[in-house]
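Peer 1: Got a structure here, written out as structure tokens. Questions coming.
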Amino acid sequence: MTILGIESSCDETAVALVRGSGDTVRETRSLVASQAATHAKTAGVVPEVAAREHVGAIIPLLDALLGAWKTPPKLDAIAVTGGPGLFSSLMVGVETAKALAFAWDVPLVRVNHIEGHVYSPSIGVQTPLRFPAVALIVSGGHTELIAMRGHGQYRLMGRTRDDAAGEAFDKTAHLLGLGYPGGPAIAESALAGDPAAFDLPRPMMKEKNLDFSFAGLKTAVLYAVKDVRFDIKVSKNDMAASVQAAIVEVLVEKTVRAVRACKAKTVLLGGGVAANDALRGALAGRIADEFPFTDVRIPKKSHTTDNAVMIAAAGYHHARRKRFVRPERIAADPNWELV
Ligand code: KG4
Ligand code: ZN
């Protein structure tokens, strides 16, 4: 099956083609137009600005992906992100997908953005996913532990009660004057820092549930930075390393507990924060040590931040089960919860 994926939920416009067969999905081509430079000026995404950029980017991207569309491409389905995300951004992708589905008479699949991240580490992997699986999805808007019994069968095990992990990276980077997006900036600064330099809290670590909370961490960094003894030039790298260590430790510990609780055979990592090398290394290392028979799937870096390959990949698993949606029945849903 050949699937066209379209993603526009936040600040990247993305299109991709994948081929799926059996349990395996392979990337054929992927294009992403990032708005990061635009949003860096406002240190965050302004929804109206994002939507306008999506409108300008989507048709040129599809042109570049599919050629000049002299003949409609041979597609088995079009998969589009239906939510969650910014309403005006989502609408651009959804309306484009609807128009193409009508014009080309191709079935349409609606994909939850989080489900895309769940499938991102399995792109190109030939061996079938072993269930039950536990997915840790960490992005700018989400921090969730999701149990998976089978394709399309999800149960929420834990989530953040306030800020997402990516938000914690972004906000602390802002406090340290490291720019936006904060995750890569903190990771780079942390390379030259000492992770034990500051004794930052490990929020909710002692609590038995699988929820997270990162707002307190940001406050702790704010107080430290405001302290008269804090010399930002001297301590920036140490603080970045300490923040990263605190976030990674909590994420890995709670994932380990989730794996234990549902006897998971596979651990899946996804979302923008999955690009973080400290997290990738710590998660793979802990799972290998404690659960040697559990597979760990870590996404390619290009599949961590928002992209359309993952949307097409998740869409493939719906399309092969013929879970299509009629174009007139599909609308952008900014609050669509996967579980
Ligand atoms: O999945 P994503 O592209 O967009 C959302 O759906 O939110 O994730 C973006 C988030 C941002 O908060 C960014 O700071 C974070 O992912 N991020 C990272 C790294 N690269 C991106 N966080 C930590 N380390 C990184 N290397
Ligand atoms: Zn995302």
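For what it's worth, my numbering labels the leading residue of the sequence shown as 148, then goes sequentially.
Where a beta carbon is used, it is the ideal one built from N, C-alpha and C, also for glycine.
1) Taking the C-alpha atoms as reference points, what is the distance between Gly419 and Glu174?
2) Does Arg257 pass the burial test, meaning 16 or more other C-beta atoms within 10 Å, or should it be called exposed?
3) Rounded to the nearest angstrom, what separates Val395 and Ala425 at their Cα positions?
4) Run through the DSSP bridge pairs and tell me what Tyr301 is partnered with.
5) Ala315 and Val390: beta carbons closer than 9 Å?
6) Check for me: the beta strand (DSSP E) holding Ile284 runs from which residue to which?
7) Based on Cα-Cα distance, which residue from Ser168, Lys221, Lys245 and Phe345 lies nearest to Gln273?
8) List the endpoints of the continuous alpha helix (DSSP H) containing Ala226.
9) According to the neighbour-count rule (16 or more other Cβ atoms, all chains shown, within 10 Å of its Cβ), is Gln300 buried or exposed?
10) Quick check for students: name the residue ranges of the alpha helix (DSSP H) that lie wholly in the stretch 416-468, counting only runs of 4 or more.
11) If we ignore side chains and look at the alpha-carbon of each, how far apart do His186 and Gly313 end up?
12) Ala343: buried (16+ other C-beta within 10 angstroms of its C-beta) or exposed?
13) Report the rounded CA-to-CA distance for Val227 versus Leu347, giving the unit in angstroms.
14) Any contact of the stretch 463-473 with the stretch 190-200, i.e. 3+ C-beta pairs under 8 Å?
15) Exposed or buried, Ala411, counting other C-beta atoms within 10 Å across all chains shown (16 or more means buried)?
Peer 2: Judging by the given coordinates:
1) 19 Å
2) buried
3) 7 Å
4) Met295
5) yes
6) Ala280 to Val285
7) Ser168
8) From DSSP, Ala226 is part of no alpha helix (DSSP H) but of the beta strand (DSSP E) over Ala224 to Gly230.
9) exposed
10) 424-437 and 456-466
11) 16 Å
12) exposed
13) 40 Å
14) no
15) buried
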